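For reference, the structure discussed in these notes is given below.
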Amino acid sequence: MNVDTADPSTARAGEGVAKAPTGVRGLDEILGGGLPRGRPTLLCGGAGCGKTLLAMQFLCRGALDAGEPGVFIAFEETQAELTANTASLGYDLDQLVEDGMLAIDTISVDRNEIVETGEYDLEGLFIRIAGAVQSVGAKRIVIDTIEVLFGSLGDPAIVRSELHRLFAWLKAQGLTAIITAERGKEGISRHGIEEYVSDCVILLDHRVIAEQSTRRLRVLKYRGALHGTNEYPFLIGRHGIVVAPITSLRLEHEASTERVSTGVESLDARLSGGLYRGSSVLISGPSGAGKTTFAAGFVDAACARGETALFISFEESTSQLMRNMRSVGFDLIRWVDAGLLRFETVRPTMHGLEEHLAWLDELLDEVRPDVVVIDPISSVTRTGTRAQVAGMLMRQTDLLKSSGATSVVTALINPGTTERAELEITSLIDTWLIVDSTEANGERDRLLSVVKSRGMAHSNQFCEFVLTDHGIELLDPYLGNAGVLTGSARLNQQLADVEDARRDTEVLERNERDLEHQRGAIAARMEELHAELRVQEERLEQVRADHQLRQERTARQRTLLSDLRWAGEERPTTADAGSPS
Amino acid sequence: MTTTQPAVPTDADEPSPDDARWELRLYVAGQTPRSLRAIANLQRICEEQLAGEYHIEVIDLTQHPQLAKGDEILALPTLVRKLPPPMRKIIGDLSDSEKVLVGLQILSGPDT
Chain H
3 MNVDTADPST
13 ARAGEGVAKA
23 PTGVRGLDEI
33 LGGGLPRGRP
43 TLLCGGAGCG
53 KTLLAMQFLC
63 RGALDAGEPG
73 VFIAFEETQA
83 ELTANTASLG
93 YDLDQLVEDG
103 MLAIDTISVD
113 RNEIVETGEY
123 DLEGLFIRIA
133 GAVQSVGAKR
143 IVIDTIEVLF
153 GSLGDPAIVR
163 SELHRLFAWL
173 KAQGLTAIIT
183 AERGKEGISR
193 HGIEEYVSDC
203 VILLDHRVIA
213 EQSTRRLRVL
223 KYRGALHGTN
233 EYPFLIGRHG
243 IVVAPITSLR
253 LEHEASTERV
263 STGVESLDAR
273 LSGGLYRGSS
283 VLISGPSGAG
293 KTTFAAGFVD
303 AACARGETAL
313 FISFEESTSQ
323 LMRNMRSVGF
333 DLIRWVDAGL
343 LRFETVRPTM
353 HGLEEHLAWL
363 DELLDEVRPD
373 VVVIDPISSV
383 TRTGTRAQVA
393 GMLMRQTDLL
403 KSSGATSVVT
413 ALINPGTTER
423 AELEITSLID
433 TWLIVDSTEA
443 NGERDRLLSV
453 VKSRGMAHSN
463 QFCEFVLTDH
473 GIELLDPYLG
483 NAGVLTGSAR
493 LNQQLADVED
503 ARRDTEVLER
513 NERDLEHQRG
523 AIAARMEELH
533 AELRVQEERL
543 EQVRADHQLR
553 QERTARQRTL
563 LSDLRWAGEE
573 RPTTADAGSP
583 S
Chain U
461 MTTTQPAVPT
471 DADEPSPDDA
481 RWELRLYVAG
491 QTPRSLRAIA
501 NLQRICEEQL
511 AGEYHIEVID
521 LTQHPQLAKG
531 DEILALPTLV
541 RKLPPPMRKI
551 IGDLSDSEKV
561 LVGLQILSGP
571 DT
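Keeping their order, the protein sequence lines are chains H and U.
Here the working numbering is used: position 330 in the first sequence is 332, and no number is missing along the way.
Here the working numbering is used: position 109 in the second sequence is 569, and no number is missing along the way.
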């Protein structure tokens, strides 16, 4: 078997190999630009895995985007069938044919009508192909599915040698060709077509894993060019095939430094100015915690700035959502009326994981919103294995980021379930908010915390928020001795604190009054004592004065008496001296 | 299925199409030895088996490529029995006369 696997050492980033873009979203990225120009590519896969659609999209996009006319050689379907099938993807084959950009030749071979006798070749087929190519001046061609010839003609040796001739002719004509083939049990294709097509081989696969229908694409080889070698899921959506790389080939989202408001001023402050434009936000929490309200506030703020928004709701109808959000002050209907807001409400059961991505991709392409809300993603992720869900979420984040939109995705995470796949993507998202409600004192209090926010300072403090009739308000947390208190506990504690303070003040005032009172009393007493002292002093002075006076008088009387008794003669004073007469 | 292709001049010498019970059309690509061999083989077989009852139209697809689609021609040479119905196709240079006769249902095959 002549199948090379991609060898990076010989593959140099696309140099030397001219590319023809397929116009299939995601595929050109994997192929490093497109299919090898002027060479045939083998597109191999089982029945119903999308070969014909992919090939037709290659022609239509070539005609519409690159102005390259194409030819479709159909061995299996009629033109009417092809037209109907591709109309479902939004391509008007009849119009392309009319415009001379597409030629379709349907070839039916009925084995029962044919008898072989003697030598023949497939010149008739070549003439038809050449005629079709010439009729539109084709640059691209699809042959779907040439293997039918092996079943219709009895001589495989002739078919093989003619296929060699056909592929040589296609190359000589410089046609970029897609040759489709059925998947074989042993080789790549049932009849070994890969022997003739050695430039590029793409495999398509359609599997059902865990009840999820998944289509996958793999580039088996691409001579002379670098290409993604993994299996990539692809989807057949409203606008054709979309290949979604499960892992981003490049991380090239432009990082903006512009901030956008979350719609809650106090939350912006906690994020030191708001979210980065183009970043992805996850709001997780239990039912009724306020996830949708945060999302609505975000959309309301965006529309108020004149930006466009896409709100995908999986649980509420548009009118219900509008009514509910009006009750908390977000009048979203005016933004719908103004053409800024697009609501998409669908039942998540309508989508598998893959369909969800395809649908989202198309919506993003169609609406091109500045902000996107998906509420809640957990509705979509109920089905599928954990790995599938994680893979889908990763690609969704990728899709949202590459669209440039700032996105808010909510996830219903019930308390105690930390093992959810939704949480596996928290490493990919930029800002993760957890809203929660705590039960205490017969009530539920809403809490918000910023678990992470890439590239910005943010508070790690849990804080309480309330839903008012004019939006969300974050309350300053109460930090008591018993930790962070919320709700009525916070109110109670605040009241108790006020009461304590009042009591303290009263005690102080009373003490002050008492002291003042005592000071007065003491001062009065001191005054009294001073007065008493003065009285005593005065009395003492009086006594002293009297004493003085008496002494003087006594002295005078003695002198007088002595004078009287002893007139001229000296006579000693006797016992009666001093006694009053 | 188109059965009213424009008449293409041929150098065969047969009754007019209106009289023929067997209307045969032989598609070839150019004047290659294989083409010429097929034409000669067909004329010989018809003369031997269907003298006076056939009309052969030879179409050279290199000259008239647009005629390939009508009879869903892939292989060349291809002989198409237009009449009597149903349509039959025989591909190859018609070198095996017996197979040609079986294919045209002039002779019944060994297994029919």
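Here a beta-carbon is modelled for each residue, glycine too, at the ideal position from N, C-alpha and C.
In this text the structure is predicted, and so the values were computed from the model without any measurement.
Within the 9 Å Cβ cut-off, does residue i reach chain H?
| i | result |
| --- | --- |
| residue 563 of chain U | yes |
| residue 487 of chain U | yes |
| residue 498 of chain U | yes |
| residue 494 of chain U | yes |
| residue 510 of chain U | no |
| residue 521 of chain U | yes |
Checking contacts by CB at 9 Å: is residue i closer than that to chain U?
| i | result |
| --- | --- |
| residue 96 of chain H | no |
| residue 151 of chain H | yes |
| residue 250 of chain H | Low confidence applies here, because residue 250 of chain H scores a pLDDT of 48, under 50, leaving its location unreliable; read the following figure in that light. Not an interface residue. |
Is the beta carbon of residue i sitting closer than 9 Å to the one on residue j?
| i | j | result |
| --- | --- | --- |
| residue 204 of chain H | residue 228 of chain H | no |
| residue 108 of chain H | residue 79 of chain H | yes |
| residue 199 of chain H | residue 134 of chain H | no |
| residue 201 of chain H | residue 217 of chain H | no |
| residue 27 of chain H | residue 244 of chain H | yes |
| residue 68 of chain H | residue 25 of chain H | yes |
| residue 527 of chain U | residue 519 of chain U | yes |
| residue 120 of chain H | residue 554 of chain U | yes |
| residue 433 of chain H | residue 403 of chain H | no |
| residue 309 of chain H | residue 363 of chain H | no |
| residue 317 of chain H | residue 377 of chain H | yes |
| residue 347 of chain H | residue 312 of chain H | no |
| residue 522 of chain U | residue 486 of chain U | no |
| residue 147 of chain H | residue 77 of chain H | yes |
| residue 302 of chain H | residue 332 of chain H | yes |
| residue 287 of chain H | residue 266 of chain H | no |
| residue 408 of chain H | residue 272 of chain H | no |
| residue 29 of chain H | residue 191 of chain H | no |
| residue 158 of chain H | residue 393 of chain H | no |
| residue 500 of chain H | residue 410 of chain H | no |
| residue 414 of chain H | residue 386 of chain H | no |
| residue 144 of chain H | residue 60 of chain H | yes |
| residue 125 of chain H | residue 500 of chain U | no |
| residue 516 of chain U | residue 561 of chain U | no |
| residue 185 of chain H | residue 47 of chain H | yes |
| residue 40 of chain H | residue 65 of chain H | no |
Could you name the residues of chain U that residue i contacts, counting a contact when the two beta carbons are closer than 9 Å?
| i | result |
| --- | --- |
| residue 111 of chain H | 532, 534 |
| residue 155 of chain H | 534, 535, 551 |
For residue i, which residues in chain U fall below 8 Å Cβ to Cβ?
| i | result |
| --- | --- |
| residue 107 of chain H | 529 |
Worksheet entry | Contact set between the segment 163-189 of chain H and chain U, restricted to residues whose Cβ is under 7 Å from the partner | none
Worksheet entry | Proximal residues, the segment 114-135 of chain H versus chain U, C-beta separation under 8 Å | 115, 116, 117, 118, 119, 120, 121, 122, 123, 124, 125, 126, 127, 129, 130, 132, 133
Discussion item. So if I threshold CB-CB distances at 7 Å, which residues from the segment 527-561 of chain U count as touching chain H?
Written reply: 528, 529, 532, 533, 534, 535, 536, 537, 538, 547, 548, 549, 550, 551, 552, 553, 554, 555, 556, 559, 560
Practice prompt. At 3 residues or longer, and completely inside the segment 451-525 of chain H: list those beta strand (DSSP E) runs for me, N to C.
Written response: 465-470, 473-477, 480-482, 485-487
Discussion item. My parser needs the alpha helix (DSSP H) runs of 4 or more residues fully inside the segment 71-130 of chain H; what are they?
Written reply: 81-89, 95-100
Item to complete: Write down every uninterrupted run of the beta strand (DSSP E) in the segment 323-373 of chain H whose length is 3 residues or greater and which is fully enclosed by it, in chain order.
Response: 343-347
Practice prompt. Counting only runs of 4+ residues fully inside the segment 271-308 of chain H, write out the alpha helix (DSSP H) ranges in chain order.
Written response: 293-306
Worksheet item: Hey, which unbroken runs of the alpha helix (DSSP H) at 4 residues or more fall wholly within the segment 28-72 of chain H?
Response: 29-32, 53-67
Fill in: Every unbroken beta strand (DSSP E) inside the segment 181-250 of chain H [3 residues or more]
202-211, 214-224, 233-239, 242-245
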